Amino acid sequence: MPHLETHDVKIAFEESGARRGNPVLLLHGWPDDASTWKAVSSQLQERSFRLIAPYLRGFGGTVFRNDNASRTANGAVLAMDAIALMDGLGIERFSVVGHDWGSNIAEALAIGWPDRIDRMALLSSIPRMGGLETPPFRQAQRDWYHWFMATKRGAEAIERDPHGFARIHPLQYLAR
381 MPHLETHDVK IAFEESGARR GNPVLLLHGW PDDASTWKAV SSQLQERSFR
431 LIAPYLRGFG GTVFRNDNAS RTANGAVLAM DAIALMDGLG IERFSVVGHD
481 WGSNIAEALA IGWPDRIDRM ALLSSIPRMG GLETPPFRQA QRDWYHWFMA
531 TKRGAEAIER DPHGFARIHP LQYLAR
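With this note's numbering, letter number 145 in the sequence shown gets 525, and the count goes up by one each step, no holes.
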């Protein structure tokens, strides 16, 4: 698997499709990884796209290079990783597809580097940028884990029992 080294991280990524095709950056969500895109990659490859699917910080073969590297899921930090990857690959302009947490990174890319983004698609997105309204209660119930993880106590609870957290099915709370 190819890697690209930055100051803070060694980014693992999958690359496929037409080497000279229009580049598409595929950003996975949580708790997924770059393999999320395997189901649609063949269809995009048939259309001669060049696909780049990085493993975000803390996922797959992406590793921290120093103890001071930020261990965060902050969309802006992850967007800087994405720009470093695309710079390292010599790609100036690209389309970006973000799923779940990856959609937040795609938003940060579009806001921070609008001249670099050709097109953008957001899947299973929870808008974080742009001052959008608070979601309706039913949607907030579906996205409870995002809110939970954003609190210090939630993050500590997950750290104490990651397997227990991974076994919770979010839809069980909607049946009430």
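Note that CB positions come from ideal geometry on N, CA and C, so glycine has one too.
Computed from a prediction, not measured in an experiment: that's the story for all the values here.
Under 9 angstroms between the Cβ atoms of alanine 433 and glutamate 394?
In the sequence shown, counting from the first residue as 1, residue 433 sits at position 53. In the sequence shown, counting from the first residue as 1, residue 394 sits at position 14. In contact: alanine 433 and glutamate 394 (Cβ atoms closer than 9 angstroms).
Coarse secondary structure for alanine 555, derived from DSSP in three states:
Residue 555 sits at position 175 when you count from the first residue of the sequence shown. Bear in mind that a pLDDT of 49 at alanine 555, under 50, signals an unreliable position, so the number given afterwards is only what the model happens to contain. Three-state DSSP puts alanine 555 in coil, outside helix and strand.
Is arginine 522 helix, strand or coil by DSSP?
As a first step, residue 522 must be located in the sequence shown, where it is residue number 142. Arginine 522: helix per DSSP, three-state reduction.
What residues in its chain sit with their C-beta under 8 angstroms from that of arginine 445, if we drop five residues either side in the sequence?
Here residue 445 is taken as the residue at index 65 of the sequence shown, counted from 1. Cβ within range, chain order: Glu385, Thr386, His387, Asp388, Val389 and Lys390.
Considering only residues of the stretch 466-495, which uninterrupted beta strand (DSSP E) runs meet the minimum length of 3 residues and lie entirely inside it, listed in chain order?
474-479
What is the DSSP secondary structure of phenylalanine 444, counted as helix, strand or coil?
Looking up residue 444 in the sequence shown gives position 64. DSSP places phenylalanine 444 in strand when its eight states are reduced to three.
Reducing DSSP to helix, strand and coil, say where arginine 451 ends up.
To locate residue 451, count along the sequence shown from 1; it is residue 71. Arginine 451: coil per DSSP, three-state reduction.
Just verifying my parser: in three-state terms, what is the DSSP assignment at isoleucine 538?
Here residue 538 is taken as the residue at index 158 of the sequence shown, counted from 1. In the structure shown, isoleucine 538 sits in a helix (DSSP, three-state: H, G or I).
Find out if the Cβ-Cβ distance for the pair isoleucine 485, alanine 501 is shorter than 9 angstroms.
For the purposes of this step, residue 485 is taken as residue 105 along the sequence shown, with counting starting at 1. For the purposes of this step, residue 501 is taken as residue 121 along the sequence shown, with counting starting at 1. The answer is no: Cβ separation not under 9 angstroms.
Specify whether the stretch 394-404 and the stretch 412-432 touch according to this definition: at least 3 beta carbon pairs, one from each stretch, less than 8 angstroms apart.
yes
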